[in-house]
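Written below as structure tokens is the structure these notes are about.
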Amino acid sequence: MQVERQTAEFASVVSLSVQQLQDMITNTIRAQYNGSSQSTLMYSKPYTKRIDNLRMPMGYQPPKFQSFDRKGNPKQHVAHFVETCNNAGTDGDLLVKQLVRSLRGNAFDWYIDLTPECIDS
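The sequence shown begins at 1 in the numbering used here and counts up one residue at a time.
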């Protein structure tokens with residue numbers, strides 16, 4: 001009887017869609033923490049799936065970036081970041097994927113709080 005019950009439970013889980021499973025997990029987290037899991041526990045990249053699906057060039061080695069924590073000059077940091085990436089053979093939309101590697105502290109906090117998929121270029 002125990003095996004039949006476990007088999008039935010497994011079959012019901014297998015029949016759920018990915019979205020249903022994600023919703024179940026999200027709702028469980030919300031119930032456990034009495035609040036919105038979206039802002040506290042879940043992370044979504046701030047750039048679109050189009051950018052996320054881009055692949056780095058064959059043989060690409062990420063350069064060493066200067067870190068930015070919002071205490072310095074942001075314009076200067078971005079200029080240095082772009083030049084560093086361009087020298088390593090990365091430009092355009094691929095820069096978006098690399099930016100997070102150069103952020104820390106308050107600047108990183110700002111980045112992870114951006115609206116999901118708000119960046120498309």
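Positions of the beta carbon are idealized from the N, C-alpha and C atoms, including for glycine. From a predicted model like this one, the values you see are computed outputs, not experimental measurements.
Just so you know, the alpha carbons of GLN66 and LEU95 end up roughly 15 Å apart.
In this structure, DSSP gives LEU99 a helical state, which the three-state scheme calls helix.
For PRO74, the enclosing alpha helix (DSSP H) begins and ends at 74 to 87.
Annotated three-state conformation of TYR47 is strand, per DSSP. By the C-beta density criterion, TYR43 is exposed, having fewer than 16 other C-beta atoms within 10 angstroms. With contacts defined by Cβ atoms closer than 8 Å, GLY89 and PRO62 do not form a contacting pair.
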